[in-house]
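Trainee:
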Amino acid sequence: MDPTMWSRLMRHSPAAALVILVATAAPALARQQQLKVYISADMEGVAGVVTPEQLGPTGFEYGRAREWMTDEVLAAIQGARDAGATTIVVSDSHGNGLNLLIDRLPADVRVIRSWPRPLMMMQGIDSTFDAAVFIGYHAATTNPAGVRAHTISSARLAGVFINGTAMPESGINAAIAGHFGVPVVMISGDDVAVGEAQALIGPIEGAAVKDAISFHAASTLTPAAAQQLIREKVRAGVGRRAELKPWIVERPVTLEVTFKSYRPAELLAYLPIVERRNAHTIAYRADDMPAISRFIEFMTNYGIEIDP
């Protein structure tokens, strides 16, 4: 509005001027109040989960583990909302990607399910998100401690490295989030997974819902206690989002993967974009983390059996 007309309106009809001011400011204020949180959920780091019999559909306690995982995600959602979150996306990122009991999630939450996905455990994230949260995570395959410690595939991979640094899944996924300028603000899992992520990513909030005893044993909180801790830590993490910077890796990005068998390294080295470093290790270089993610997803999902 012209400054002279605004001055006249303020002088002769302040109430009308106030209405115009509120109407003009409301859309911008609404945009400022939007707070988007991305939740990536795995299962190995959920309270009570310790053995393979809990991690897949044929396991005797898988049904209960799905409930515990769902409840931890619900606690994370509530913690994010306690901190003001208005939009939440949840990625079901364990096993077949069909673990969460989605009919128990709030109606306004979006859920990413099944595979393959170009951004793997971070599918759906973009630069509009304000914070990322990791629930039920585990330590890296190169870590000698941690319940069910592995990176991406416990059966196939003995090491995954980004720019020469050994990576847990939390590191890979934090780097993907960082590509989009999104900080990771909280992680839950066993004490080893939490400490590993904090040492790599920075001083994010951590909910250690169990203490690792061995690869298949832990001293664990009860589900209810774990859920309360997760809610508190997510609320704190989202509240600290401005001080927790995105974790950005140097570009171009070099991925190294060490296989437990020699054959995948041999076959992948037939591709001119892949370098074979030794009998079990290949290297691939890309411009950014989304390209690295797509390569990993292809490498771990393609098999001749998927052809018609």
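Under the numbering used here, the first residue of the sequence shown is numbered 21, with each subsequent residue one higher. Note that beta-carbon positions come from the ideal geometry of N, C-alpha and C, so glycine has one too. The model shown is predicted, which means the values in this text are computed figures rather than measured ones.
I'd like the span of the alpha helix (DSSP H) that includes Gly191, first residue to last.
Mentor: Glu189 to His199
Trainee: Under a Cβ-count criterion, where at least 16 other Cβ atoms within 10 Å of its own Cβ denotes burial, should Leu41 be classed as buried or exposed?
Mentor: Per-residue confidence for Leu41 stands at a pLDDT of 46, beneath the threshold of 50, marking its modelled position as unreliable; the derived number appears in the next sentence. Exposed.
Trainee: Please confirm if the segment 84-97 is in contact with the segment 236-248, defined as three or more CB-CB distances below 8 angstroms between the two stretches.
Mentor: With a cut-off of 8 angstroms, the segment 236-248 and the segment 84-97 count as touching, because enough Cβ pairs lie within range.
Trainee: Looking at the unbroken alpha helix (DSSP H) that takes in Ile316, where does it start and where does it end?
Mentor: Met309 to Asn321
Trainee: Closer than 6 angstroms by C-beta to Ala228: which residues in its own chain qualify, once you throw out the five before and the five after it? Chain order, please.
Mentor: Apart from the 5 residues on each side of it in sequence, Ala228 sits with its Cβ closer than 6 angstroms to the Cβ of Asp211 and Val214 in its chain, given in chain order.
Trainee: What's the call for Tyr322, buried or exposed, on a 16-neighbour Cβ count within 10 Å?
Mentor: By the 10 Å Cβ count, Tyr322 comes out exposed.
Trainee: Counting C-beta neighbours from all protein chains within 10 Å, is the total for Phe154 16 or more, i.e. buried, or is it exposed?
Mentor: By the 16-neighbour rule on beta-carbons within 10 angstroms, Phe154 is buried.
Trainee: Output the distance between the C-alpha atoms of Ile233 and Pro164, rounded to the nearest integer angstrom.
Mentor: 11 angstroms
Trainee: Just the Cα atoms here: how many angstroms apart are Gly99 and Asp150?
Mentor: 15 angstroms
Trainee: Can you give the Cα-Cα distance for His300 and Ile221, rounded to whole angstroms?
Mentor: 28 angstroms
Trainee: For the putative contact between Asn119 and Met63, defined by C-beta atoms under 8 angstroms, what is the C-beta separation to the nearest angstrom?
Mentor: 6 angstroms
Trainee: Measuring alpha carbon to alpha carbon, tell me which residue in Lys56, Val273, Trp135 and Pro126 is nearest Glu317.
Mentor: Each of Lys56, Val273, Trp135 and Pro126 was checked against the Cα of Glu317, and the nearest Cα belongs to Trp135.
Trainee: What residues in its chain sit with their C-beta under 8 angstroms from that of Pro310, if we drop five residues either side in the sequence?
Mentor: Pro138, Leu139, Ile196 and His199
Trainee: According to DSSP, simplified to helix, strand and coil, what is Asp231?
Mentor: strand
Trainee: What does a CB cutoff of less than 6 angstroms around Gly104 pick up in its chain, not counting 5 residues either side in sequence?
Mentor: For Gly104, where only same-chain residues beyond five positions count, the Cβ hits under 6 angstroms are Leu55.
Trainee: Rounded to whole angstroms, what's the CA-CA distance from Val167 to Val69? Just pull it up for me.
Mentor: Approximately 9 angstroms between the Cα atoms of the pair.
Trainee: Whose CA, out of Glu87, Asn116, Ala127 and Glu295, lies closest to the CA of Thr106?
Mentor: Looking at the Cα atoms, Ala127 is the closest of the given residues.
Trainee: Using only the alpha-carbon positions, how far apart do Val180 and Val129 sit?
Mentor: 32 angstroms
Trainee: On the criterion of 16 or more Cβ atoms from any shown chain inside 10 Å, does Gly83 qualify as buried, or is it exposed?
Mentor: exposed
Trainee: Can you list, in chain order, the stretches of the alpha helix (DSSP H) that have 4 or more residues and sit fully within the segment 77-136?
Mentor: 82-102
Trainee: Tell me where the beta strand (DSSP E) around Asp18 begins and ends.
Mentor: Here the chain covers residues 21 to 328 and nothing more, so residue 18 does not appear.
Trainee: Between which two residues does the alpha helix (DSSP H) containing Glu286 stretch?
Mentor: Start and end: Tyr282 to Leu288.
Trainee: Roughly how many angstroms separate the alpha carbons of Pro292 and Val57, rounded to a whole number?
Mentor: 39 angstroms
Trainee: In this structure, how does DSSP classify Ile293 when only helix, strand and coil are distinguished?
Mentor: coil
Trainee: At the level of alpha carbons, what is the spacing between Arg86 and Tyr282?
Mentor: Here the C-alpha atom of Arg86 lies approximately 35 angstroms from the C-alpha atom of Tyr282.
Trainee: Note down, in chain order, each residue of its chain lying with its Cβ closer than 6 angstroms to the Cβ of Ile250, except the 5 sequence neighbours on either side.
Mentor: Once the five neighbours on either side are set aside, the close Cβ partners of Ile250 are Glu92, Ala95, Ala96, Ser208 and Ala227.
Trainee: Thinking just about the alpha-carbon of each residue, which of Arg297, Leu264, Lys265 and Arg260 is nearest to the one in Thr278?
Mentor: Arg297
Trainee: Could you work out which residue in Gly191, Gly144, Thr171 and Arg255 is closest to Asp102 when comparing CA atoms only?
Mentor: Arg255
Trainee: At what residues does the alpha helix (DSSP H) containing Arg251 begin and finish?
Mentor: Pro243 to Gly259
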